[in-house]
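The next block holds one structure in the form of structure tokens; read it before the comments.
Here it is as structure tokens:
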């Protein structure tokens with residue numbers, strides 16, 4: 001008799017579903033800005049993990065990509081292609097950084113591929129294979145620090161040590177004194193965060209600031225307690241530092257723009273020094289600003305946020321007024337006591353009696369007196385604006401910049417008429433909204449050789465120049481005239497005895513609606529290099545005595561100026577109170593994108609207007625209230641995707657909330 005069980009049909013063997021990898025392919029085309037699914041072969045199953053670099057076939061070509069996640073199902077209807085190769089098993093794109101990259105791309109109408117290039121440095125195979133060096137344990141030295149001089153400053157450090165995540169704007173007193181030592185303060189804040197068991201990230205504008213911060217970090221956490229991420233480091237050094245952070249060997253990162261994306265584990269603090277510096281505006285698409293990247297990151301990862309500066313940007317002021325940031329500052333009166341005394345040339349009848357031409361000449365008598373007195377005590381700084389600034393029209397009576405009465409855009413004068421640089425409307429029957437004046441002028445400053453002038457006036461005194469390609473890091477504590485352009489001022493070992501800020505009007509009349517804010521920032525940064533008033537430090541600025549930025553400089557009150565600036569931006573519908581997008585490109589391409597974009601109903605369309613250049617160029621400016629900002633960006637991004645899918649001719653450049661709005 002046969003076995004009954006033999007009559008039962010055997011079940012077909014079931015095959016386990018093959019793993020599927022969702023891959024961000026290196027394709028910056030807007031219409032392909034999404035992940036694609038690929039099969040993971042058995043031979044690669046142990047190597048494919050979220051964050052690794054892979055090679056995949058896309059449209060018949062092998063391309064690089066990053067694995068974002070793994071699964072067993074796919075929503076795609078096509079037959080999935082397999083991953084061709086795992087470039088490296090190092091998981092270089094962490095989930096937190098991948099999420100940040102997507103946020104930044106969406107915020108700036110860009111693509112994931114463009115932003116991830118900013119976030120993850122190119123692979124350096126030899127560095128990846130090398131054995132990492134042994135690192136000593138980090139014991140932060142949090143003794144006396146600059147925060148002690150500020151109300152609630154010690155409480156901020158205590159909160160970081162306790163594992164909390166405060167958000168603050170640290171307004172430093174501009175003086176070459178402990179209370180103005182931003183580098184030491186940020187290093188201490190990072191050290192306090194490390195004591196809580198979390199990581200920290202500090203970003204600065206340039207290599208000179210990075211050197212100052214490195215010296216402070218050496219004092220607080222030791223040279224083994226941090227790494228530097230900077231494009232200037234070179235491919236191997238940059239990748240070595242990146243891997244040390246990625247692998248958790250180091251928890252403190254300092255660096256320039258690209259460091260904002262560093263894969264710090266258990267991030268507890270992001271900090272930025274001098275957020276108003278234009279070096280924070282990324283020159284590559286989609287042109288993100290480091291301040292916004294760090295704010296997005298702090299919010300997403302629950303980290304503390306600290307913005308430190310001598311001045312205050314309108315963007316930081318807005319975050320304070322919204323309650324997202326708390327101000328940490330001295331009162332203006334207390335700040336004046338700690339800072340050097342600042343005066344304007346020809347600011348009194350007495351000065352005008354002594355020098356009747358003081359308001360008409362570039363170097364009034366008071367300037368020479370300040371230099372002479374300063375040289376008796378040490379080096380003297382003379383700040384001169386860079387050559388080549390474009391200037392815009394200003395009211396002939398009150399010197400307020402002339403703006404378009406329709407859209408508040410900048411006005412430029414041609415040989416026969418004047419017109420708005422944004423909406424293109426001609427300007428007729430103009431009158432100044434500030435003083436009622438009806439005449440304008442274009443201020444012009446000659447190419448005066450400041451160094452030679454002062455060298456002749458003070459024979460025998462060493463004259464040192466720092467600008468452009470030749471930027472000096474430091475000068476000795478000896479009598480000398482140091483002529484420097486904004487941002488290139490050397491640090492004096494014991495602070496400058498005095499400073500002279502020349503050609504203030506030229507900075508105030510730059511072709512940029514941020515001119516006043518930027519001028520005050522640059523002046524305060526120069527003032528901060530001078531000894532405090534109690535040690536004899538003094539500053540004289542030469543410019544229009546009634547200009548609001550200069551008045552704020554004298555009062556040492558950048559906060560009030562930032563509040564006024566923000567209110568004026570709100571009235572003029574300008575960032576950060578409005579969302580603004582500038583679209584540049586060939587006229588036909590700009591017109592097509594405009595036609596394709598389904599803009600929110602409350603969008604203002606300005607232009608297009610012709611732009612100067614060898615080829616025909618046009619600029620279209622779009623702006624809307626903040627509530628519709630995300631919809632406006634999404635509409636422009638969608639239109640870019642349609643043009644990309646159509647392979648429309650003509651490349652367009654899209655900038656969201658550009659730094660230069662002029």
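In the numbering used here, the protein residues as written are 1 to 662.
Note that the Cβ used here is the ideal one computed from N, Cα and C, for glycine as well.
Please name the residue or residues paired with residue i in a DSSP beta bridge.
i: residue 58; result: 61
i: residue 540; result: 343, 500
i: residue 604; result: 623
i: residue 51; result: BP columns for residue 51 are empty, so no partner.
i: residue 71; result: 20
i: residue 289; result: 281
i: residue 398; result: For residue 398, which the question treats as bridged, DSSP gives no partner whatsoever.
i: residue 653; result: 584
i: residue 40; result: DSSP lists no partner for residue 40.
i: residue 380; result: 481, 498
i: residue 66; result: 24, 53
i: residue 411; result: 420
Is residue j closer than 8 angstroms to residue i when the C-beta atoms are compared?
i: residue 475; j: residue 367; result: no
i: residue 52; j: residue 37; result: no
i: residue 538; j: residue 341; result: yes
i: residue 663; j: residue 132; result: Examination of residue 663 is not possible in this model, given that the chain is present from 1 through 662 alone.
i: residue 286; j: residue 105; result: yes
i: residue 229; j: residue 262; result: yes
i: residue 87; j: residue 67; result: no
i: residue 120; j: residue 93; result: yes
i: residue 402; j: residue 395; result: yes
i: residue 280; j: residue 257; result: yes
i: residue 63; j: residue 56; result: yes
i: residue 142; j: residue 318; result: no
i: residue 420; j: residue 404; result: yes
i: residue 186; j: residue 140; result: no
i: residue 490; j: residue 466; result: yes
i: residue 623; j: residue 598; result: no
i: residue 479; j: residue 450; result: no
i: residue 522; j: residue 544; result: no
Keeping to the same chain, check which residues put their C-beta closer than 6 angstroms to that of residue i; ignore five residues upstream and five downstream.
i: residue 129; result: none
i: residue 606; result: 407, 422, 423, 621
i: residue 572; result: 408
i: residue 289; result: 280, 281
i: residue 415; result: Residue placement at residue 415 is poorly supported in this model, since its pLDDT is 42, which falls under 50; the coordinates still yield a value, given next. So no residue of the chain qualifies.
From residue i to residue j, what distance separates their C-alpha atoms?
i: residue 637; j: residue 30; result: 7 angstroms
i: residue 426; j: residue 307; result: 41 angstroms
i: residue 360; j: residue 502; result: Annotation note: pLDDT 45 at residue 360 (below 50); position unreliable, coordinate value reported separately. Roughly 13 angstroms between the two C-alpha positions.
i: residue 118; j: residue 328; result: 32 angstroms
i: residue 470; j: residue 379; result: 19 angstroms
i: residue 146; j: residue 613; result: 49 angstroms
i: residue 320; j: residue 189; result: 20 angstroms
i: residue 592; j: residue 203; result: 39 angstroms
i: residue 446; j: residue 581; result: For residue 446, the pLDDT reaches just 31, beneath the cut-off of 50, and the residue's location in the model is therefore unreliable, leaving the point undetermined.
i: residue 528; j: residue 115; result: 35 angstroms
i: residue 253; j: residue 227; result: 5 angstroms
i: residue 238; j: residue 85; result: 25 angstroms
i: residue 338; j: residue 265; result: 38 angstroms
i: residue 208; j: residue 473; result: 7 angstroms
i: residue 634; j: residue 109; result: 7 angstroms
i: residue 326; j: residue 458; result: 47 angstroms
i: residue 554; j: residue 343; result: 6 angstroms
i: residue 214; j: residue 615; result: 45 angstroms
i: residue 646; j: residue 596; result: 12 angstroms
i: residue 273; j: residue 429; result: 44 angstroms
Please work out which residues of its chain come closer than 8 angstroms, Cβ to Cβ, to residue i, disregarding the five sequence neighbours upstream and downstream, and give them in chain order.
i: residue 162; result: 196
i: residue 393; result: 401, 402, 411, 412, 413, 418, 440, 441, 442
i: residue 72; result: 17, 18, 19, 20
i: residue 76; result: 36, 37
i: residue 548; result: 516, 561, 564
Could you tell me whether any non-hydrogen atom of the ligand PLP is closer than 7 angstroms to the CB of residue i?
i: residue 661; result: Absence of the ligand PLP is noted for the structure shown, with no ligands found whatsoever.
Grab me the residues of residue i's own chain with a C-beta within less than 7 angstroms of its C-beta, minus the 5 sequence neighbours each way, in chain order.
i: residue 324; result: 167
i: residue 102; result: 112
i: residue 236; result: 124, 127
i: residue 495; result: 176, 529, 530, 531, 537
Is there a Cβ of chain B sitting closer than 8 angstroms to that of residue i, yes or no?
i: residue 124; result: The structure shown contains no chain B; it is built from a single protein chain.
| At which residue ranges does the region 74 to 161 contain complete beta strand (DSSP E) runs of 3 or more residues, listed in the order of the chain? | Contiguous beta strand (DSSP E) elements confined to the region 74 to 161 occur at 85 to 88, taking only those with 3 or more residues.
| Minimum length 3: unbroken beta strand (DSSP E) runs contained in the region 294 to 332 | Entirely contained in the region 294 to 332, the beta strand (DSSP E) runs reaching 3 residues are, in chain order, 304 to 309, 326 to 329.
| request: Within the region 416 to 485, note down every full alpha helix (DSSP H) run reaching 4 residues or more, in order along the chain. | output: Taking 4 residues as the minimum length, the alpha helix (DSSP H) runs contained wholly in the region 416 to 485 are 450 to 457, in order along the chain.
| request: Note down, one range per segment and in chain order, each beta strand (DSSP E) of at least 3 residues found wholly within the region 199 to 278. | output: The qualifying runs are 199 to 203, 227 to 229, 252 to 255, 267 to 273.
| request: Kindly provide the ranges of any beta strand (DSSP E) runs that are 3 or more residues long and lie completely inside the region 511 to 541, ordered along the chain. | output: Those beta strand (DSSP E) runs which fall completely within the region 511 to 541 and span 3+ residues are 538 to 541.
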